[in-house]
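Accompanying notes for the structure given below.
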């Protein structure tokens, strides 16, 4: 008996104090490992916070790390990153399967998405290759080649047929002829139909590489002017998706949003300008759908980037009759603000915050409908919610993102269990489901958001929507853009990694014609369908000037009262394309951080005081803000041509509140 008891205690101890060991080998072709480290987290059976781990050894393969987690895991997440998130080796999160032994050994190659469970070949690779025009290919290699000695060593193949090359030269004019960044010119241009074929780059000594269609898709032959997405009528629904690189596309139709297998599969037909279309001759109201696409030799499934409605957690796009989503009185709803842009008084709110407190007196706390309730009071009879906004006397509310975002589970009823501002977009034309009373019903979130907007309008308050175009939550399988046309909608580094000017892992390429079209289509849709009164453009500094001007032109042709403003910056170290001063004469405003810092002090150094705490030397900057940052006289000069071009503010959701800043200073 004693032996059995001892054995039981030892066995139990092994379970309680078991661990997971991951041995990671990492190879960089440039052999530069300085600053590179691992971010690893338990993923299954329980997902937990991650932690940084350093490589501790070097060997002939590269560098090595041995990571021990003090729990049993069946799967762990891994990111290879540079220092504190300056960049990732590959954009997507990757996962390691842990065997029953609890010890996993893996090998990772620079720029290669696959995780290897056996030591891989480290011979030269083509990091990234793209077709930038019908007759031009650009590639970035792991190893250098001599561009003066390329003949017979470099080939471009289209479905196995060689396309003669005219020249191979350095892609960077400041480089020398022996380089790993090359540009190839074809003797005969590719055809538009070739973009969906297997176009490969072959270089002697390197693994073949299937080329990605990039700037070539900017050609007018691929620009589609018409309507995309699901176009519903009781008689039929037309589905259109833009994917010129796809070999074939299927429409997957589901009767129920929670179904795993489609009830109907429809082969879509390739039309002009890279669009695929399917027409279903029946009433599909209440059905759900996805697309299945074959591009670059891989089959992918995704929701529709142009979704107007969705099932819970963006799992499927939904087909709705939008005419049935309008609340009573919607037909006669008008935008309440008729003044000059300079007369707008904007108050920033978050849907969950503005009615979130348990003692707010609001029944539908944290919901769209919470902002429709009148007569709500908190402690000591203080007005809350809608009445509070009316009492403030503001002309507009700027609402933090209310489009569909990724991070929080929409089915979680307690909004406090996942607090998120919403700056991780998935479906830009779909209202976020967490703020509705039933996120599984695609109609409910649309109806309730419209009710909220109508309630605000009836109180004379306009609604400014926070739009986050410069980045998406993720790429790859987490991005409908990246599934339909991989890479095209994003800015890409020469090695194929995603440019991270936003600080969020990727940067949308607003300059691409079909991305610009999407941005314009999205904004116009919110104006037409939801009666939105204005837009605050997050990280507008990352958007190209042509797109910003197109936004102003299109929206103000619809209604000149629509307010447009944004942040004239991006993430740290980003190349700003539309900054302070670029807005002159555009009827677009930018945030005035000069005025903000003059009043409150630095937002980056809590000890630096501002004018409001009697800090000397701030008078001139405050005066500049008071006159709207125009060139007022020889001393008071600014970055605007009209006061309407500046958003004078003291605090917003970023940084400390003014109260906290004053306490800290």
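Residue numbers (my numbering): 53 to 717. Built from N, CA and C at the ideal position, the CB exists for glycine as well.
Can you give me the C-alpha to C-alpha distance between residue i and residue j, rounded to a whole angstrom?
i	j	result
residue 163	residue 91	16 Å
residue 527	residue 121	28 Å
residue 153	residue 103	23 Å
residue 512	residue 457	28 Å
residue 552	residue 542	10 Å
residue 402	residue 438	13 Å
residue 317	residue 295	18 Å
residue 304	residue 472	31 Å
residue 215	residue 206	11 Å
residue 499	residue 516	18 Å
residue 406	residue 413	12 Å
residue 750	residue 400	Past the edges of the chain, shown from 53 to 717, lies residue 750, and the structure says nothing about it.
residue 607	residue 245	35 Å
residue 469	residue 263	44 Å
residue 96	residue 137	24 Å
residue 277	residue 568	11 Å
residue 371	residue 382	21 Å
residue 250	residue 682	55 Å
residue 691	residue 642	10 Å
residue 711	residue 161	49 Å
residue 187	residue 123	55 Å
residue 390	residue 306	45 Å
residue 366	residue 557	20 Å
residue 605	residue 595	15 Å
residue 422	residue 444	18 Å
For the beta strand (DSSP E) holding residue i, just list the boundary residues, first then last.
i	result
residue 673	That residue, residue 673, is in no beta strand (DSSP E); its alpha helix (DSSP H) goes 671-678.
residue 101	First-last for residue 101: undefined, no H or E at that position.
residue 642	641-643
residue 228	Note, residue 228: premise wrong, no beta strand (DSSP E); not H, not E.
residue 302	298-306
residue 284	281-284
residue 76	72-79
residue 587	586-589
residue 617	615-618
residue 505	Where residue 505 is concerned, there is no enclosing beta strand (DSSP E), although the alpha helix (DSSP H) it sits in stretches over 494-510.
residue 214	213-215
residue 206	206-210
residue 120	115-121
So the candidates are the options; which of them puts its Cα closest to the Cα of residue i?
i	options	result
residue 181	548, 221, 509 and 256	548
residue 140	555, 153 and 503	555
residue 462	264, 493 and 206	493
residue 238	226, 253 and 232	253
residue 766	132, 138, 220 and 112	One cannot answer for residue 766 here, as it falls past the ends of the chain, which runs 53 to 717.
residue 638	275, 603, 683 and 370	603
residue 330	361, 306 and 293	293
residue 562	303, 520, 623 and 150	520
residue 220	83, 213 and 200	200
residue 168	286, 75 and 301	75
residue 135	410, 710, 631 and 86	86
residue 150	94, 198 and 106	94
residue 449	538, 209, 585 and 222	585
residue 539	297, 624 and 366	297
residue 352	211, 611, 529 and 80	529
residue 704	623, 673 and 451	451
Assuming residue i and residue j are in contact, meaning their beta carbons sit under 8 Å apart, how far apart are those beta carbons, in whole angstroms?
i	j	result
residue 354	residue 532	5 Å
residue 489	residue 419	6 Å
residue 697	residue 636	7 Å
residue 191	residue 234	6 Å
residue 524	residue 477	5 Å
residue 379	residue 502	5 Å
residue 404	residue 455	Incorrect: roughly 15 Å between the Cβ atoms, too far for contact.
residue 647	residue 677	3 Å
residue 280	residue 535	Not a contact, Cβ separation roughly 15 Å.
residue 368	residue 342	6 Å
May I ask which residues mark the beginning and end of the alpha helix (DSSP H) holding residue i?
i	result
residue 737	Residue 737 is absent from the model: the chain starts at 53 and stops at 717.
residue 582	565-582
residue 193	Taken as a continuous stretch (DSSP letters only), residue 193 belongs to no alpha helix (DSSP H), being part of the beta strand (DSSP E) at 188-198.
residue 179	Per DSSP, residue 179 belongs to no alpha helix (DSSP H); it is in the beta strand (DSSP E), 178-185.
residue 715	710-716
residue 534	532-536
Quick check: is the beta carbon of residue i nearer than 8 Å to any beta carbon in chain C?
i	result
residue 562	Of the protein chains in the structure, only one exists, and it is not chain C.
**Prompt:** In chain order, which beta strand (DSSP E) runs of at least 3 residues are fully inside the region 327-404?
**Reply:** The qualifying runs are 327-332, 340-347, 350-354 and 398-401.
**Request:** Starting from the N-terminal side, write out each stretch of the beta strand (DSSP E) that is 3 residues or longer and does not extend beyond the region 419-482.
**Result:** Counting only runs of 3 or more residues that sit fully inside the region 419-482, the beta strand (DSSP E) segments are 448-451 and 455-457, in chain order.
**Runs of alpha helix (DSSP H) lying entirely within the region 124-168, each at least 4 residues, in chain order** = Runs found: none.
**Prompt:** Which runs of the beta strand (DSSP E), 3 residues or longer, sit entirely within the region 237-299?
**Reply:** Correct list: 251-255, 281-284 and 289-294.
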